[in-house]
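Residue numbers (my numbering): 193 to 483.
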Ligand SMILES: C[S@@+](CC[C@H](N)C(=O)[O-])C[C@H]1O[C@@H](n2cnc3c(N)ncnc32)[C@H](O)[C@@H]1O
């Protein structure tokens with residue numbers, strides 16, 4: 193008797209990790225129906241895996257302190273990061289660990305909620321909120337261990353930092369997107385600044401204003417984190433050929449002395465004529481105990 197034909201198993205690309213859900217990767221449109229990766233999804237997967245290498249030890253460090261890790265992903269978009277983290281790390285845990293995705297676009301939130309239901313991921317929630325709104329939301333617990341923000345647009349990264357500072361998060365993993373706010377203040381105050389020092393040439397031309405503004409934004413973010421007692425590491429997410437915005441900032445709370453970074457933060461704001469941005473890049477009141 194002839195045997196019925198069975199479908200040949202699909203040959204998966206080497207990027208798919210053992211135990212990883214192929215169906216989930218297909219639903220996220222990272223893998224095609226026949227198990228292939230296109231150029232764009234290969235880039236996305238590479239970014240998320242690269243981030244995972246940094247995030248996994250942080251998750252383990254939190255676990256060593258207490259059971260139940262809480263992670264908030266800001267500007268989650270389609271939640272590639274959240275779903276892949278859940279599939280690789282959270283799925284097997286039974287200790288109340290939870291990933292929260294924060295995203296303003298309701299249709300993306302609904303789609304992620306649907307996927308979490310479909311794959312029976314009870315430790316995932318998605319909230320249709322802005323990062324700033326989530327800071328006050330009662331739907332999030334008081335203790336958040338890790339905050340991530342991957343290419344969260346414009347000032348959403350700054351809001352994610354403010355959120356993490358309020359929640360006293362142990363770790364932050366940030367890949368900032370373009371931030372236009374600092375460049376706009378540099379542009380507005382250019383007339384007054386230009387006579388002050390030859391170094392103002394650094395942002396005289398409009399293109400340089402934009403690029404320098406973006407660079408300074410990340411410098412101010414790092415100083416702000418240090419001014420709150422965090423140790424900060426700045427590195428590259430992936431090679432320049434894959435993404436133009438690939439600065440990776442990892443902050444770990446170590447209760448480090450705050451005085452010097454606080455003074456530096458103030459000085460940089462003053463030197464660049466950015467004093468009005470003091471509310472955005474706020475420091476802590478330095479008490480003698482943590483100076
Ligand atoms: C460039 S996408 C990145 C998505 C995802 N993190 C990733 O890397 O695939 C930025 C996302 O942030 C969302 N977003 C922008 N501003 C936001 C805000 N203030 N609060 C919450 N989400 C925001 C946008 O709707 C968008 O989905």
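A virtual CB, placed ideally from N, CA and C, is assigned to each residue, including glycine.
Could you check whether the Cβ of residue i sits closer than 8 Å to any heavy atom belonging to ligand 1?
i, result
"residue 323", "yes"
"residue 241", "no"
"residue 409", "no"
"residue 390", "no"
"residue 291", "no"
"residue 343", "yes"
"residue 272", "yes"
"residue 236", "yes"
"residue 347", "yes"
"residue 140", "No answer is possible for residue 140: the residues shown for the chain start at 193 and end at 483."
"residue 294", "yes"
"residue 351", "yes"
By the three-class DSSP mapping on this structure, what secondary structure does residue i have?
i, result
"residue 355", "helix"
"residue 296", "coil"
"residue 265", "strand"
"residue 409", "helix"
"residue 326", "helix"
"residue 331", "coil"
"residue 207", "coil"
"residue 423", "strand"
"residue 444", "strand"
"residue 376", "helix"
"residue 304", "helix"
"residue 459", "helix"
"residue 317", "strand"
"residue 432", "Per-residue confidence for residue 432 stands at a pLDDT of 47, beneath the threshold of 50, marking its modelled position as unreliable; the derived number appears in the next sentence. Correct three-state label for residue 432: coil."
"residue 291", "strand"
"residue 417", "helix"
"residue 220", "coil"
"residue 391", "helix"
"residue 243", "helix"
"residue 229", "strand"
Classify residue i: buried if its beta carbon has 16 or more other beta carbons within 10 angstroms, exposed otherwise.
i, result
"residue 226", "exposed"
"residue 475", "buried"
"residue 397", "exposed"
"residue 462", "exposed"
"residue 453", "buried"
"residue 351", "buried"
"residue 293", "buried"
Using beta-carbon positions only, say whether residue i and residue j come within less than 9 Å of one another.
i, j, result
"residue 274", "residue 304", "yes"
"residue 279", "residue 340", "no"
"residue 455", "residue 439", "no"
"residue 321", "residue 296", "yes"
"residue 315", "residue 288", "yes"
"residue 364", "residue 412", "no"
"residue 372", "residue 404", "no"
"residue 239", "residue 377", "no"
"residue 207", "residue 311", "no"
For residue i, decide whether its Cβ has a neighbour in chain D, counting only Cβ atoms nearer than 9 Å.
i, result
"residue 368", "Structure shown: chain D not included; a single protein chain is present."
Sort out for me which residues DSSP pairs residue i with in a bridge.
i, result
"residue 340", "265 and 365"
"residue 439", "428"
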